[in-house]
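Residue numbers (the UniProt record's numbering): 1 to 682. Quick notes on the structure that follows.
In structure tokens form, the structure reads like this:
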């Protein structure tokens with residue numbers, strides 16, 4: 001039927017159909033070499049054909065030297081107890097058998113077949129199922145159940161029969177309401193129902209035939225093709241193109257292979273294959289409340305805002321500048337409430353009332369909604385949770401802030417939505433007989449309907465104006481303090497609270513960022529007042545003796561820090577330096593102003609090196625966090641190991657431990673143990 005050419009041989013391949021849809025492959029667990037499945041005695045076998053579930057009971061060789069007899073007796077005693085009857089699992093008072101249960105190894109076995117090679121011919125039989133057999137430990141559950149029964153019998157033995165008859169229990173009778181179609185579908189799809197259906201299928205008992213049995217030999221002949229004529233086997237007589245299509249079928253994902261997902265879950269890749277209107281409907285149905293800017297970002301950069309606006313108005317309404325999904329999208333026709341069974345028309349009317357209330361106020365009271373709509377509390381709570389957040393002792397607040405940008409950019413859409421809300425209001429007035437107090441919002445709530453939004457630029461301008469107001473007073477105080485400092489010969493009396501750390505950049509380096517530590521030194525940012533002029537002696541232009549003292553102090557700090565830490569980023573070094581400044585007494589020489597450039601130069605002068613670690617380009621770290629400095633020579637026995645490790649990290653920012661250990665052994669010429677490698681890494 002088909003020739004397989006394996007140079008220099010040619011093999012004929014035949015398709016056997018006698019055992020089609022009857023042949024299963026059983027995969028047994030690994031057993032000791034002394035115990036093969038050919039020699040195992042099968043006591044019983046049964047199958048559930050629809051589920052393709054098999055249960056085998058095999059005898060255990062209790063005479064095998066590897067068998068622990070005392071353990072087998074203990075297991076049998078725990079399972080059956082001291083008495084022996086027909087219900088006993090182990091009648092011989094010894095664990096002499098073991099049960100194996102099957103599970104499907106693959107859901108789609110159409111690609112698998114059993115092959116038999118005989119006399120230059122290869123015969124293939126398609127498999128109907130592949131089952132993996134694993135040991136079943138249900139006998140442990142039986143032992144636990146018997147143990148609980150014995151305990152219950154011992155506890156209840158003391159009570160008399162009369163006392164048991166005197167116990168009267170109150171019985172509550174409940175009448176179940178009629179089951180809806182949705183409830184029935186949920187029940188049918190539940191795990192408990194599926195388990196019950198599987199348990200209801202009856203076992204079909206099988207008879208096991210050994211490997212050397214005549215019946216097994218007879219059935220084994222069906223693995224060979226019964227007729228070699230071309231008329232009987234035409235499956236493999238295909239044209240070259242058809243045969244190639246059979247070998248390499250087009251990739252079509254079967255729905256059965258896809259994992260079951262909740263109905264409201266859809267991947268973004270699947271979503272973007274749908275039309276724009278369907279995408280918007282699915283997004284709004286799941287999110288329920290969304291600003292227009294967020295919707296555009298979810299739809300992708302190629303979406304036309306005009307088309308999106310046209311589609312969004314079909315499935316959502318504008319509330320406080322944000323889009324809220326329409327009620328009839330959430331509650332389609334001919335559906336009902338899962339809580340009260342109220343039809344969808346009534347639910348839509350009640351939810352529209354809640355949405356309309358939020359167009360009037362930022363806050364809605366749940367009790368008021370329940371009083372007007374006459375709906376059950378669960379339905380009202382669902383309405384409010386769709387679009388608002390509960391606040392203690394206040395009510396329910398609309399979950400998103402007022403979208404001022406959308407209202408300003410699209411006044412025509414806002415006007416059209418306003419007219420729609422006027423029509424909805426007229427319908428609600430007729431249905432609910434709304435009073436004047438329901439139609440007119442409270443003053444406080446009306447004022448809070450559009451909260452004041454302050455942009456970043458406005459905040460900067462407000463801060464600048466505030467600085468200008470206080471500038472005169474601050475300048476007078478600073479000039480007065482400068483005059484007092486000049487009148488004193490020493491700088492020890494200098495008021496630390498008037499000093500700010502220098503923030504001007506040197507060369508192309510960035511200034512030191514110390515905003516996170518201003519609270520530690522009351523406005524100290526490296527030792528200089530920000531308003532100080534560049535000609536002032538405190539602005540870094542110090543006498544030679546003072547410069548030497550500053551250098552010595554800075555060098556001492558850098559040396560002691562790197563001897564403790566060994567490796568530091570510039571960001572962490574600046575943090576430690578600011579903590580060091582905060583611990584110094586007023587008037588210390590380091591308050592004269594230390595720039596980033598001075599700090600980095602001092603690091604390099606103290607025997608440290610900058611390690612150019614190749615961090616990934618998409619890292620979110622700041623530039624100071626990407627600058628890594630390490631102590632190159634500490635004077636201990638691990639200098640060479642540390643240098644090799646730093647060279648490794650200069651080539652890659654992430655390295656496996658075994659690579660590091662191998663590199664250290666090669667470069668240093670000695671095998672390091674785990675403790676030594678850990679110490680170098682630490």
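Beta carbons are placed, not taken as given, at the ideal position from N, Cα and C, and that holds for glycine. Everything numeric in this text was worked out from a predicted model, so none of it was measured.
Beta-carbon gap between residue i and residue j smaller than 8 Å
| i | j | result |
| --- | --- | --- |
| residue 330 | residue 337 | no |
| residue 109 | residue 130 | yes |
| residue 364 | residue 384 | yes |
| residue 22 | residue 81 | no |
| residue 630 | residue 609 | yes |
| residue 558 | residue 589 | no |
| residue 389 | residue 366 | no |
| residue 562 | residue 568 | yes |
| residue 570 | residue 627 | yes |
| residue 139 | residue 89 | yes |
| residue 52 | residue 104 | yes |
| residue 404 | residue 321 | yes |
With 16 other Cβ atoms within 10 Å as the buried cut-off, status of residue i
| i | result |
| --- | --- |
| residue 642 | buried |
| residue 692 | Missing from the structure shown is residue 692; the chain here goes from 1 to 682 and no further. |
| residue 137 | exposed |
| residue 372 | buried |
| residue 684 | Outside the displayed span of the chain (1 to 682) sits residue 684, for which this structure offers no information. |
| residue 360 | buried |
| residue 444 | For residue 444, the predicted model reports a pLDDT of 44, less than 50, meaning its position is unreliable; a value from the coordinates is still stated below. Counting Cβ neighbours within 10 Å, residue 444 comes out exposed, since fewer than 16 surround it. |
| residue 728 | Since the displayed the chain opens at 1 and closes at 682, residue 728 lies outside it and no answer follows. |
| residue 674 | exposed |
| residue 350 | buried |
| residue 175 | exposed |
| residue 536 | Legend: pLDDT at residue 536 = 38, less than 50; position of this residue unreliable, value from coordinates given subsequently. Per the 10 Å Cβ criterion, exposed. |
| residue 522 | Residue placement at residue 522 cannot be trusted, given a pLDDT of 38 that sits under 50; what the coordinates show is reported in the next sentence. Label assigned to residue 522: exposed. |
| residue 153 | exposed |
| residue 326 | buried |
| residue 591 | buried |
| residue 311 | buried |
| residue 402 | buried |
Reference residue i; option with closest CA among the options
| i | options | result |
| --- | --- | --- |
| residue 309 | 147, 71, 281 and 141 | 281 |
| residue 684 | 612, 425, 575 and 341 | Residue 684 lies beyond the residue range present for the chain, which begins at 1 and ends at 682; the question has no answer from this structure. |
| residue 394 | 362, 387 and 246 | 362 |
| residue 316 | 296, 304, 289 and 303 | 289 |
| residue 54 | 72, 388 and 135 | 135 |
| residue 339 | 299, 103, 375 and 366 | 375 |
| residue 357 | 301, 332, 292 and 424 | 424 |
| residue 662 | 270, 645 and 654 | 645 |
| residue 224 | 120, 302, 327 and 214 | 120 |
| residue 10 | 575, 46, 122 and 93 | 122 |
| residue 640 | 618, 142, 677 and 623 | 677 |
| residue 680 | 668, 638 and 327 | 638 |
| residue 207 | 46, 369, 572 and 20 | 46 |
| residue 603 | 616, 579 and 556 | 556 |
| residue 619 | 649, 586, 653 and 93 | 653 |
| residue 397 | 422, 355, 15 and 579 | 355 |
| residue 128 | 294, 85 and 111 | 111 |
| residue 353 | 343, 369, 345 and 344 | 369 |
| residue 573 | 601, 670, 586 and 548 | 601 |
| residue 387 | 399, 378 and 322 | 399 |
Rounded distance between the beta-carbons of residue j and residue i, thought under 8 Å
| i | j | result |
| --- | --- | --- |
| residue 18 | residue 243 | Actually they are not in contact, since the Cβ atoms of residue 18 and residue 243 sit about 24 Å apart, beyond 8 Å. |
| residue 75 | residue 95 | 4 Å |
| residue 171 | residue 318 | The Cβ separation is near 55 Å, so there is no contact. |
| residue 283 | residue 298 | 6 Å |
| residue 633 | residue 607 | 5 Å |
| residue 124 | residue 106 | About 18 Å separates the two Cβ atoms, so there is no contact after all. |
| residue 133 | residue 29 | 7 Å |
| residue 60 | residue 97 | 6 Å |
In DSSP terms, what residue i is bridged to
| i | result |
| --- | --- |
| residue 97 | 59 |
| residue 119 | In DSSP, residue 119 forms no bridge with anything. |
| residue 205 | 46 |
| residue 391 | 395 |
| residue 343 | 336 |
| residue 322 | 319 |
| residue 103 | 132 |
| residue 290 | 323 |
| residue 14 | 123 |
Closer than 8 Å to chain B by CB, residue i
| i | result |
| --- | --- |
| residue 388 | Included in the structure is just one protein chain, with no chain B present. |
heavy atom of the ligand GTP below 7 Å from residue i C-beta
| i | result |
| --- | --- |
| residue 216 | Looking at this structure, you won't find the ligand GTP or any other ligand, since it has none at all. |
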